[in-house]
Every structure is written in structure tokens, then in C-alpha cells.
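Heads up: the protein sequence lines correspond to chains A and Y, in order. Per the numbering used here, the first sequence starts with residue 339, numbered consecutively. Per the numbering used here, the second sequence starts with residue -12, numbered consecutively. Step one of this worksheet: look at the structure below.
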Amino acid sequence: ETAVFQTPNYHVTQVGNEVSFNCKQTLGHDTMYWYKQDSKKLLKIMFSYNNKQLIVNETVPRRFSPQSSDKAHLNLRIKSVEPEDSAVYLCASSSRDWGSEQYFGPGTRLTVL
Amino acid sequence: SQLAEENLWALSVHEGESVTVNCSYKTSITALQWYRQKSGEGPAQLILIRSNEREKRNGRLRATLDTSSQSSSLSITATRCEDTAVYFCATDPGGNYKPTFGKGTSLVVHP
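Below is the structure:
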């Protein structure tokens, strides 16, 4: 049962372009996350939001900017993409802090040419 | 910063066999979670084991936690082809919203 939705599934773009990814969760969770997963499957936390407030920004380049309109939505914008941004971007949510399960979306695969 | 990592990168077994994936971490934790990621999907939690627990089970899955050696294991009994996936352990010291995932262990279960 899908409860964390991500769009688009795939995106191919040129170096220097701007891209936006959307994430929505229907679980009523307070906390949402963005992760980057590289080609070796390594998962790294990028941002954490709790009740629309940014609480973790994990040394991510400035061209990445998360946006949260309400606690069910967390989008990710990348200004001027670079080749190293090619990866799968995974959105997740949890009901509170680490003591609870994270539910992940299917991911958005970004390819930068 | 804390690092959680699996000890082996790839495992291969035949259906019906048992397999164990190991994980070690370097700082104190409040809980450790095991996730499974199938191809084309996001990770899905299998087991959450808290620092005051030594063992947790979920069907054919059994997780152990040894806080003295800072290690955990996930055992799968009677493996099935659908268990083919990448398995991650993940930790977050003190619930600071910065989960750290291990490098992942790729498991292939052959018919």
C-alpha cells in the first residue's frame, strides 16, 4: 500500500537546469525526510522536516532547497544541476522521531547529462 | 559522526537456506532498524530493535542487537526468491532526525 507519493518517477536534464521533485504523504506524519541514494545504493540523509520546520540540513550544496507547504508535503528543488546530482532521491515520513518507522516513497531517479 | 555499516556487500543463497546479514556501528544508539529495498522501490522497514532489547522477531526474520560490541544481525530463515533485495541497517543516536544508513548488503536468493 503506497502512502508516500513522489513525482516524477524519472527525470533527465542537462547540466545547469533547474529541477523540482514533489513528495506527499497521506499517513498524517509530522516528520518528512529527503535522502539521496547513489549508484552504489548508499543512502544519505539530506534534509529533515518536522511540522513544516527544517530541523536537519546535512551539508547539502546550496543549490538544493527543500520546500514544505504543510506537513504532508515536502518538495525538493535543485537549481543549476551538476553531473554529481545524478542519483535516486527518496522521500520518507515518520510519525515522530527516530523511535518510529520511516515510510519511503518509490524515489525519483535523476539523470544529469 | 556515527557510521552504520554492513560487514559484507553481497550474499547469494538458494531458496530454503538461511542467511545472516551483519551490521556494526560506532556510537551509542537508542534504536536500530533493518530495512529491505527491492529493485525499483523505496526501502521498507523490517524490524526496529531498541537499545534495551537483545532480540526481535518478525516472521522468518530475527534481529539481534549487542550494544557492548555495537553490532546487530538480521537472520532470514527459509529464504524465498522474493527475499532478493538490498538490506540496510540504520541508526540514529538520540533521535536527532539524522538517520544513518549502512552501505547495504545485496542478497540474491536463487531458485
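Glycine included, C-beta positions come from ideal geometry on N, C-alpha and C. None of these values were measured; they are calculated from a predicted model.
The region 355 to 372 of chain A touching the region -4 to 6 of chain Y, judged by at least three CB pairs closer than 8 Å: For the pair of segments examined, the region 355 to 372 of chain A was found not to touch the region -4 to 6 of chain Y: the number of CB pairs separated by less than 8 Å stays below three.
Members of the region 23 to 56 of chain Y that neighbour chain A once the beta carbon cut-off is set at 9 Å: 24, 27, 28, 29, 30, 31, 32, 35, 37
C-beta atoms of residue 85 of chain Y and residue 403 of chain A nearer than 8 Å: Counting from 1 along the second sequence, the entry for residue 85 of chain Y is found at position 98. Counting from 1 along the first sequence, the entry for residue 403 of chain A is found at position 65. Going by C-beta atoms, residue 85 of chain Y is not nearer than 8 Å to residue 403 of chain A.
Under 8 Å (Cβ pairs) to chain Y, residues found in the region 386 to 419 of chain A: Hits within the stretch, in order: 386, 388, 393, 394, 396.
Chain A contact for residue -11 of chain Y (CB, 8 Å cutoff): As a working note, residue -11 of chain Y is residue 2 in the second sequence. Caution applies to residue -11 of chain Y, whose pLDDT of 28 falls short of 50 and renders its modelled position unreliable; the value that the coordinates give is listed next. It does not: the Cβ of residue -11 of chain Y has no partner Cβ on chain A nearer than 8 Å.
Residue 68 of chain Y, buried or exposed, once every other Cβ within 10 Å from all chains shown has been counted against 16: In the second sequence, counting from the first residue as 1, residue 68 of chain Y sits at position 81. Under this definition residue 68 of chain Y is an exposed residue.
Residue 91 of chain Y and residue 444 of chain A closer than 8 Å at C-beta: The residue given as residue 91 of chain Y occupies position 104 in the second sequence. The residue given as residue 444 of chain A occupies position 106 in the first sequence. In this structure, residue 444 of chain A does not lie closer than 8 Å to residue 91 of chain Y by Cβ.
Contact list for residue 440 of chain A against chain Y, beta-carbon separation under 9 Å: The residue you call residue 440 of chain A lines up with position 102 of the first sequence. Here the neighbours are 20, 22, 30, 32, 77, 86.
Listed by chain order, chain A residues near residue 90 of chain Y by CB distance under 7 Å: Here residue 90 of chain Y refers to the residue found at position 103 when the second sequence is read from its first residue. Within chain A, the residues near residue 90 of chain Y are 380.
Residue 439 of chain A - DSSP class collapsed to helix/strand/coil: Counting from one through the first sequence, the residue named residue 439 of chain A turns up at place 101. Residue 439 of chain A: coil per DSSP, three-state reduction.
Residue 396 of chain A in three-state terms, based on DSSP: As a working note, residue 396 of chain A is residue 58 in the first sequence. The answer is coil: DSSP assigns residue 396 of chain A none of H, G, I, E or B.
Three-state class that DSSP yields for residue 420 of chain A in the structure shown: Stepping through the first sequence from its first residue, residue 420 of chain A is reached at position 82. Three-state DSSP puts residue 420 of chain A in coil, outside helix and strand.
Whether residue 360 of chain A touches residue 344 of chain A by CB criterion (8 Å): Along the first sequence, one-based indexing puts residue 360 of chain A at 22. Along the first sequence, one-based indexing puts residue 344 of chain A at 6. Pairing residue 360 of chain A with residue 344 of chain A gives a Cβ-Cβ distance under 8 Å.
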